[in-house]
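Participant: Before I ask anything, let me first share the structure, which is written out below as structure tokens.
Protein chains: 2
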Amino acid sequence: MKAIIISIGDEILIGQVLNTNAAYISEKLNGVGIEVSRILTVGDDEYEILKAFKEYYSRYDIIVVTGGLGPTHDDVTRSAVCKFFAVKLVSSNEVRNNVEEFLKKRNRKWSDAAENQILFPAGAKVIPNKYGTAAGEFFERDNKYFIVLPGVPYEMESMMEDFVVQFFRDKKMDRYILHRTLMTTGIAESELATRLGNLDNILQGAKLAFLPSPTGVRLRITISGTNKNQCENRIQTIETYIREKANKFIYGVDEESLEEVLGKILTERKLTIAIAESCTGGMIANKITNVPSSSSYLERAVTTYSNQSKIDLLNVPKNLIEMCGAVSKEVAEAMALGIRQNAGTDIGISTTGIAGPTGGTQEKPVGLVWIGYSDANKSSAQKFNFGDGRIRIKERTSQAAMEIVRRIILKIE
Amino acid sequence: MKAIIISIGDEILIGQVLNTNAAYISEKLNGVGIEVSRILTVGDDEYEILKAFKEYYSRYDIIVVTGGLGPTHDDVTRSAVCKFFAVKLVSSNEVRNNVEEFLKKRNRKWSDAAENQILFPAGAKVIPNKYGTAAGEFFERDNKYFIVLPGVPYEMESMMEDFVVQFFRDKKMDRYILHRTLMTTGIAESELATRLGNLDNILQGAKLAFLPSPTGVRLRITISGTNKNQCENRIQTIETYIREKANKFIYGVDEESLEEVLGKILTERKLTIAIAESCTGGMIANKITNVPSSSSYLERAVTTYSNQSKIDLLNVPKNLIEMCGAVSKEVAEAMALGIRQNAGTDIGISTTGIAGPTGGTQEKPVGLVWIGYSDANKSSAQKFNFGDGRIRIKERTSQAAMEIVRRIILKIE
């Protein structure tokens, strides 16, 4: 089964928006054994969209279209689809019910736009949209699947997951493309490659990709075949080999975030945590609170940007800041200790550094960061230099701070 | 002049990597008046690449190809190009000189890979690569431009900038494509469309696109023509018209973020701010501190997840929480007042709500949020319902909180 993704939207063609939808859809289709051969982007232009449908319909088994299903005049996908299949738009009760429920939940009134959104191509199956008013369209014809989804990422994603992926999973096609991603942090791509050495003998046709990002390198193993068990065993063998070489840097698998992993560790061990941030400016708290139920282990977090707030909220002695400077080992330790004691938690962590772009000196350059840690046994701080780029420095510091907690709790190293 | 971008690479087709190159190239071509009509991605497969060249060569004036020029076995673009134009690979002295210089600068030795990289399609012009060994290829034939660039982003970007953009700028094609984006928040796409009404008379061939996201709808005006001044005036007229209808929802232009806009407003007026977050869990602080120099107006921020931390850090009376609940108008107001007084700032803002997925009740469902505001004149709180999705609720609440501050300072409404 070969697929093409057709993305519709001027915003992609002019470079305003990255085509994240195509990447998401590719990955999900891969997950059910479907290979994506092409990704095409065309503009919000009915003639261009129709032309693309005509060119590609005969050549692929699965055509996934995203974008241009909204209620405004530049949304022309629905009418292009109707012309292509020579069907009419009809008022759909199923879509009406969904849209009514959606608006009701948000205390919004029925409008002309809503009335327009319930018009649906005759003969298509409705793909319900939990997060918006644009219904998805599912055509099964000529031994092909023609699927139309909105372009708003979270709407499209839930429709892919709940409907499209489910549909192809239920069809049980005997073709498997398996990926496993090992999430590493605290080690550079080249060091990781050296540590793993030559992998030809262990990979034997499987693929290993190194995907670097500011928070770490993802190692992605890919294998395809017709026997699922065999594929899984091969992946397991490769994973085991990699873990022997680099286990301490691997904090999770398959796009798990470090904050999710840390949340599980804290929950299992019934530990509580509090955070005192300076250079990360709330990023650690924000990441940790992205995880559901984080309120059970995060007691409080503070962003102490001013010296006074470090004194008020963390009991950092004023003369310590004057003597050592706010960006110092001593202040990082005092911050971690202070937040832990004030919050009454098991663990306290802290960050203080120069995020830039200004404020750096020869002695304390942009990128210099101290991360503090405190528990009942000890308070300590580690020095890092995270290069430049304000947000990259915040990202790297946040990841390193959470990794310090993970390694200390799990007694790694 | 119509262009197509052909991206080559399995990593894009499996969703491992976003096609940032296509976005970059589109934006640069737009900048010299060239419209990109399609973006196509195909895999590292010579047959597929050749097929794409054959399909599209006759239909576009400019074909820009990226990716697959490296020295390894999966790089097949160069041989596909030779087959397509029926030319041979020949050893190029110009490329040899460039590669030698590149390696010398990095203290790297000549290798078999380098020897391979100097083979170049006969008849093409060399696009020099400052940051790598893969030369770009430039064909000018049949009144068309066929341009082949490597896929490594920073190599491709410098070649686009130094050679391709320069080439088309020198051609002075007297064609302009101008964009202007108005950033709105606090209004749904459909309501915005209703408010703007029928725009045909004012647009007259210009395009207006609605781009919704969890934090607001961007309105993008696009116009193309041969007279730059005229285009600029037309955009200005349309912007003025839209502002007459919806000015209070427009916080910025051209991808400016609300936190940047708010930062400017606070700086100009020499106002300071402090933040007390519950349901947003540090997201507002994180956004605000992404802006350089935010330390000049953000005194402190706290994430008070526990009731005790609301009492300790914000002086919220214990019995108020017991009587009204932590998610209430009264507590939101007390939080905003408390953080302002403790921090000694001009403004205090607060958030308290149910971010879910658990913790909702019939009376206080997931998505219910109170946002508090306090300055020397008043303390108040507003109620919102932001639907579901934990991170989306955090996003929407953060944006709404910053927008409340913007509107109060600017006395909007």
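As they're listed, the protein sequences go chains A and B. For the first sequence, counting from 1, position 131 maps to 131 in this note's numbering; every step adds exactly one. Count along the second sequence from 1, add 1000, and you get the number used in this note's numbering. Beta carbons are placed, not taken as given, at the ideal position from N, Cα and C, and that holds for glycine. Keep in mind the model is a prediction, meaning the values are calculated, not measured.
1) Does L149/A get closer than 8 angstroms to chain B when you measure Cβ to Cβ?
2) Would a check of beta-carbon distances place R300/A closer than 8 angstroms to chain B?
3) Buried or exposed, going by whether 16 or more other CB atoms sit within 10 Å of the CB of D112/A?
4) State the CB to CB distance for the pair C1231/B and Y1154/B, rounded to an integer number of angstroms; the pair is presumed to be in contact (CB under 8 angstroms).
5) By how many angstroms is the C-alpha of L1192/B removed from the C-alpha of R340/A?
6) Taking only the alpha-carbon atoms, compute the straight-line gap between N290/A and R406/A and give it to the nearest angstrom.
7) Evaluate contact between the segment 316-324 of chain A and the segment 1307-1317 of chain B, counting only Cβ atoms and requiring at least three cross-stretch pairs below 8 angstroms.
8) Report yes if the CB atom of T240/A is closer than 8 angstroms to the CB atom of K394/A, and no otherwise.
9) Would you say P71/A faces chain B, with C-beta separation under 8 angstroms as the test?
10) Would the C-beta of T1077/B count as close to the ligand PLP, meaning under 7 angstroms from any of its heavy atoms?
11) As a quick exercise: from E1101/B, W1370/B and V1152/B, pick the residue whose alpha carbon is nearest that of I1008/B.
12) Roughly how many whole angstroms lie between the Cα atoms of A1381/B and A1336/B?
13) Given 8 angstroms as the limit, is there contact between the segment 1083-1103 of chain B and the segment 1114-1123 of chain B, that is, 3 or more CB pairs closer than that?
14) Among the candidates I284/A, G197/A, T222/A and I273/A, whose CA atom is the shortest distance from the CA of E27/A?
15) Just how far apart, CA to CA, sit N247/A and M1173/B?
16) Helix, strand or coil for G1186/B, going by three-state DSSP, please let me know.
17) Between the Cα of K1245/B and those of A1332/B, T1194/B, F1146/B and I1408/B, spot the shortest distance and give me the residue it belongs to.
18) Could you tell me if G387/A is buried or exposed, where buried requires 16 or more neighbouring beta carbons within 10 angstroms of its beta carbon?
19) Does the Cβ of R434/A have 16 or more other Cβ atoms within 10 Å, making it buried, or fewer, making it exposed?
20) Residues of chain B with CB under 8 angstroms from P317/A, in chain order?
21) By the 10 Å Cβ neighbour count, where 16 or more other Cβ atoms means buried, how is N1107/B classified, buried or exposed?
22) Look at the alpha carbon of Y60/A and the alpha carbon of P212/A, and state the distance between them as a whole number of angstroms.
23) Excluding the 5 residues flanking A1332/B on each side, which residues of the same chain have their C-beta closer than 6 angstroms to its C-beta?
24) E1260/B: which of R1169/B, N1342/B, E1403/B and V1164/B sits nearest, CA to CA?
25) Using beta carbons (cut-off 8 angstroms, strictly below), is A209/A in contact with chain B?
26) Give the C-beta separation of L219/A and T184/A to the nearest angstrom, bearing in mind that I take them to be a contact with Cβ-Cβ under 8 angstroms.
27) Starting from L89/A, follow the alpha helix (DSSP H) in both directions and report where the run begins and ends.
28) Using a Cβ cut-off of 8 angstroms (strictly closer), state whether P1153/B contacts chain A.
29) Interface residues of chain A around E1330/B at Cβ under 9 angstroms?
30) In this structure, what does DSSP give as the bridge partners for E277/A?
31) Comparing the C-beta of T1289/B with each C-beta of chain A, is any distance below 8 angstroms?
32) Can you tell me whether E1043/B is buried or exposed? The criterion is at least 16 other CB atoms within 10 Å of its CB, across all chains shown.
33) My output table needs one value for S1026/B: the three-state DSSP class, helix, strand or coil.
34) I want to see whether chain A comes within less than 8 angstroms of A1113/B, judged by CB atoms only; does it?
35) For A1285/B, go through chain A and note every residue whose CB falls closer than 7 angstroms to its CB, in chain order.
36) Measure from the C-beta of D346/A to each C-beta in chain B and report whether the shortest distance is under 8 angstroms.
Facilitator: In short, the structure shows the following:
1) With 8 angstroms as the cut-off, L149/A does not count as an interface residue toward chain B.
2) It does: the Cβ of R300/A has a partner Cβ on chain B nearer than 8 angstroms.
3) Looking at its Cβ environment, which holds fewer than 16 other Cβ atoms inside 10 Å, D112/A is exposed.
4) With a Cβ gap of about 31 angstroms, C1231/B and Y1154/B do not count as contacting.
5) Between R340/A and L1192/B, the C-alpha separation is close to 48 angstroms.
6) Approximately 18 angstroms between the Cα atoms of the pair.
7) They do not touch, by the three-pair rule.
8) Going by C-beta atoms, T240/A is not nearer than 8 angstroms to K394/A.
9) By this cut-off, P71/A is an interface position.
10) In the structure on display, the ligand PLP does not appear, and there are no ligands present to speak of.
11) Checked all of E1101/B, W1370/B and V1152/B; the closest Cα to I1008/B is V1152/B.
12) Near 9 angstroms, if we compare the C-alpha coordinates of A1336/B and A1381/B.
13) Taking a cut-off of 8 angstroms for Cβ pairs, the segment 1083-1103 of chain B and the segment 1114-1123 of chain B touch, as three or more such pairs fall below it.
14) When I284/A, G197/A, T222/A and I273/A are compared, the shortest CA-CA separation from E27/A is found for T222/A.
15) Cα to Cα, the separation comes out at about 57 angstroms.
16) In the structure shown, the three-state DSSP call for G1186/B is coil.
17) The residue with the shortest Cα to Cα distance from K1245/B is T1194/B.
18) Flag for G387/A reads exposed.
19) Not covered by the structure: residue 434/A. The range shown for chain A is 1 to 413.
20) Result: empty, since nearest Cβ-Cβ is about 18 angstroms, beyond 8 angstroms.
21) Burial is judged here by how many other beta carbons sit within 10 angstroms of a residue's own beta carbon; N1107/B has fewer than 16 and is exposed.
22) Y60/A and P212/A have their C-alpha atoms spaced approximately 33 angstroms apart.
23) Excluding sequence neighbours, A1332/B sits near S1350, T1352, W1370, G1372 and A1381.
24) Out of R1169/B, N1342/B, E1403/B and V1164/B, the CA that lies nearest to the CA of E1260/B is found in E1403/B.
25) Taking 8 angstroms as the CB threshold, A209/A lines the interface with chain B.
26) Between L219/A and T184/A a beta carbon distance of about 6 angstroms is seen, short of the 8 angstroms cut, so the two are scored as contacting.
27) No alpha helix (DSSP H) holds L89/A; the beta strand (DSSP E) holding it covers L89 to S91.
28) The beta carbon of P1153/B does not come within 8 angstroms of any beta carbon belonging to chain A, so the residue lies off that interface.
29) Ordered by position in chain A, no residue passes the 9 angstroms Cβ test against E1330/B, which lies about 20 angstroms from the chain.
30) According to DSSP, E277/A bridges with T303/A and T351/A.
31) Residue contact check for T1289/B against chain A: a CB pair falls below 8 angstroms.
32) In the sequence as presented, Glu is not what sits at residue 1043/B; that position holds Gly. Classification of G1043/B: buried, given that the 10 Å Cβ count is 16 or more.
33) If DSSP states are grouped into helix, strand and coil, S1026/B belongs with the helices.
34) False, the Cβ-Cβ gap to chain A never drops below 8 angstroms.
35) Within chain A, the residues near A1285/B are G281, G282 and T303.
36) No, D346/A does not count as interfacial toward chain B.
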